[in-house]
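**Student:**
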Amino acid sequence: MNAVETETAGAARPAPEATAPPAVRAEGVTVRYGDVLALEDVSLSVGQGRICGLLGANGSGKSTLFTAIMGLTAAESGSVCILGADPAAARKRGLVGYVPQSEQVDWAFPVRVADVVMMGRYGRMGPARRPRRADRAAVEQALERTGLSDLAHRQIGALSGGQRKRAFVARGLAQGARVFLLDEPFAGVDKRSEATITEVLSGMRDEGHTLLVSTHDLAGVPGLCDEAVLLQRRLVAHGPPAEVLTPQRLLEAFGIAAHPEGTAA
Ligand SMILES: Nc1ncnc2c1ncn2[C@@H]1O[C@H](COP(=O)(O)OP(=O)(O)OP(=O)(O)O)[C@@H](O)[C@H]1O
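Position 145 (the sequence shown) corresponds to 145 in the numbering used here; numbering is contiguous.
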């Protein structure tokens, strides 16, 4: 395997304390859908307080890695820990927030942005789901953190793609998640939304959250991410973006000559 050791990852930021459990650790994860081998023996470890960019061609296994980390897709072999807990326990404790590529949401359903964010508090409420002051405060704070305060009462279906992504990030923040898995948060969003999302994610990292972000935007990775993972069913490389996004490794992962600027040659 051509992987750069995770422990050396990230030139810009010092690695977190060696004693802290990694935010995410996957060991030898293999996932198969029938005859399709989607992930093969993938091992990686991402320390707390990092932004890790996940890159790979279409069908390289990025979404599968996220769902395997969440424990939503069963691995044929291997194991995953989130902050030292198994995925089901981490989900139950609200430690992890997952923003899939497209949410299974009926966008026509009359639910307000604030209601979506309040869903992050459901795990802390009783069966009647009656919000208390602390719940309302957490929602307000999460909306403010993601720049959505002014849209709190708008119907979720009336938001742009980028605003919706931020609403689901806000739901994770209200939930108290420490680790976020964001599947293509920049897909289909305009430049302004992209800049806002980048700012929100960087701010979350600075507060100690860990973010795994899958993206096709090679050019944006060095500015946003402390480390990068290149996936092609197997782990091609993991380390500082400058060491991972080399022409040779991009060729290995994408099968075509590609440049970090995002253009294929
Ligand atoms: N539910 C499923 N059933 C069968 N095959 C699947 C399923 N989900 C994914 N696959 C296959 O597994 C492989 C990895 O898919 P995955 O969606 O994880 O890749 P990806 O890197 O996220 O792709 P993209 O960039 O296009 O979103 C692909 O070959 C895909 O066709």
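The beta carbon of each residue, even a glycine, is placed where N, CA and C say it ideally should be. Quick caveat: nothing in here was measured; it's all calculated off a predicted structure.
Tell me which same chain residues have a C-beta within less than 6 angstroms of the C-beta of Ala-142, skipping the five on either side of it?
**Tutor:** Hits under 6 angstroms: Val-117, Ala-170, Leu-173 and Ala-174.
**Student:** Suppose contacts are defined by Cβ-Cβ distances below 9 angstroms. Is Thr-19 in contact with Leu-39 by that definition?
**Tutor:** No, the Cβ-Cβ distance between Thr-19 and Leu-39 is not below 9 angstroms.
**Student:** Label Val-4 either buried or exposed according to how many other C-beta atoms from any shown protein chain fall within 10 Å of its C-beta, with 16 as the threshold for buried.
**Tutor:** Note that Val-4 has pLDDT 42, beneath the 50 cutoff, so the model's placement of it is unreliable and the number below is only indicative. Buried is the call here.
**Student:** In three-state terms, what does DSSP make of Leu-218?
**Tutor:** Here Leu-218 sits in helix by DSSP.
**Student:** With a 10 Å radius around its C-beta and 16 neighbouring C-beta atoms as the bar for buried, classify Pro-185 as buried or exposed.
**Tutor:** So Pro-185 ends up on the buried side.
**Student:** Verify whether the separation of the beta carbon atoms of Gly-223 and Glu-194 is less than 9 angstroms.
**Tutor:** No, the pair does not count as a contact, with Cβ atoms beyond the cut-off.
**Student:** Skipping 5 residues on each side, what residues in its chain have a beta carbon closer than 7 angstroms to that of Pro-100?
**Tutor:** Here the set comprises Asp-183.
**Student:** How would you write the range of the alpha helix (DSSP H) that Gln-101 sits in, first residue to last?
**Tutor:** Run containing Gln-101: none; DSSP gives neither H nor E here.
**Student:** Cα-Cα, which of Ala-74, Glu-76 and Met-70 is closest to Ile-82?
**Tutor:** The candidate whose alpha carbon is nearest that of Ile-82 is Met-70.
**Student:** If I'm right that Gly-123 touches Gly-94 with Cβ under 8 angstroms, what's the distance once you round it to whole angstroms?
**Tutor:** Going by Cβ atoms, the distance from Gly-123 to Gly-94 rounds to 5 angstroms, so yes, they are a contact pair.
**Student:** Quick one: which unbroken alpha helix (DSSP H) runs of 4-plus residues sit fully inside the segment 139–180? Chain order, please.
**Tutor:** 161–175, all fully within the segment 139–180.
**Student:** Out of Ser-79, Leu-148 and Leu-218, state which residue places its alpha-carbon closest to the alpha-carbon of Ala-26.
**Tutor:** The shortest Cα separation from Ala-26 among Ser-79, Leu-148 and Leu-218 belongs to Ser-79.
**Student:** Taking 8 angstroms as the line, does the beta carbon of Gly-59 fall inside it for any heavy atom of ligand 1?
**Tutor:** For ligand 1, at least one heavy atom lies less than 8 angstroms from the Cβ of Gly-59.
**Student:** In whole angstroms, what separates the C-alpha of Phe-66 from that of Leu-181?
**Tutor:** Rounded to whole angstroms, Phe-66 to Leu-181 spans 7 angstroms at the Cα level.
**Student:** Just list the beta strand (DSSP E) runs in the segment 21–58, keeping only unbroken ones of 3 residues or longer that don't cross its boundaries, in chain order.
**Tutor:** The segment 21–58 contains these whole beta strand (DSSP E) runs: 24–33, 36–46 and 51–55.
**Student:** DSSP three-state label for Arg-234, please.
**Tutor:** Of the three classes helix, strand and coil, the one that applies to Arg-234 here is strand, per DSSP.
**Student:** Determine the contact status of Arg-145 and Met-204, defining contact as a CB-CB distance below 9 angstroms.
**Tutor:** Going by C-beta atoms, Arg-145 is nearer than 9 angstroms to Met-204.
**Student:** Suppose contacts are defined by Cβ-Cβ distances below 9 angstroms. Is Arg-192 in contact with Gly-162 by that definition?
**Tutor:** For Arg-192 and Gly-162, yes; Cβs fall inside 9 angstroms.
**Student:** Have a look at Pro-240, Ser-202, Leu-159 and Val-29 and flag the residue whose alpha-carbon is nearest the alpha-carbon of Trp-107.
**Tutor:** Ranking the options by Cα distance to Trp-107, first place goes to Leu-159.
**Student:** Say the cut is 8 angstroms; is the CB of Val-304 nearer than that to a heavy atom of ligand 1?
**Tutor:** Since the displayed the chain opens at 1 and closes at 265, residue 304 lies outside it and no answer follows.
**Student:** The alpha helix (DSSP H) with Val-117 in it runs from where to where?
**Tutor:** 113–118 is the span of the alpha helix (DSSP H), which, as asked, contains Val-117.
**Student:** Where Arg-243 and Gly-53 are concerned, what is the direct C-alpha to C-alpha distance, given to the nearest angstrom?
**Tutor:** Note that residue 243 corresponds to Glu in the displayed sequence, not to Arg. Taking the straight line from one Cα to the other gives about 13 angstroms.
**Student:** Mind checking whether the beta-carbon of Thr-64 lies closer than 8 angstroms to any heavy atom of ligand 1?
**Tutor:** Yes, Cβ of Thr-64 sits closer than 8 angstroms to a heavy atom of ligand 1.
**Student:** What does Ile-82 pair with, by DSSP beta-bridge criteria?
**Tutor:** Answer is Val-24 and Ala-85, bridged to Ile-82.
**Student:** Would you say the beta carbon of Asp-183 comes nearer than 8 angstroms to a heavy atom of ligand 2?
**Tutor:** This structure does not include ligand 2; its bound ligands are ligand 1.
**Student:** Can you determine whether any heavy atom of ligand 1 sits closer than 8 angstroms to the C-beta of Leu-218, and answer yes or no?
**Tutor:** Leu-218: no, Cβ never under 8 angstroms from ligand 1.
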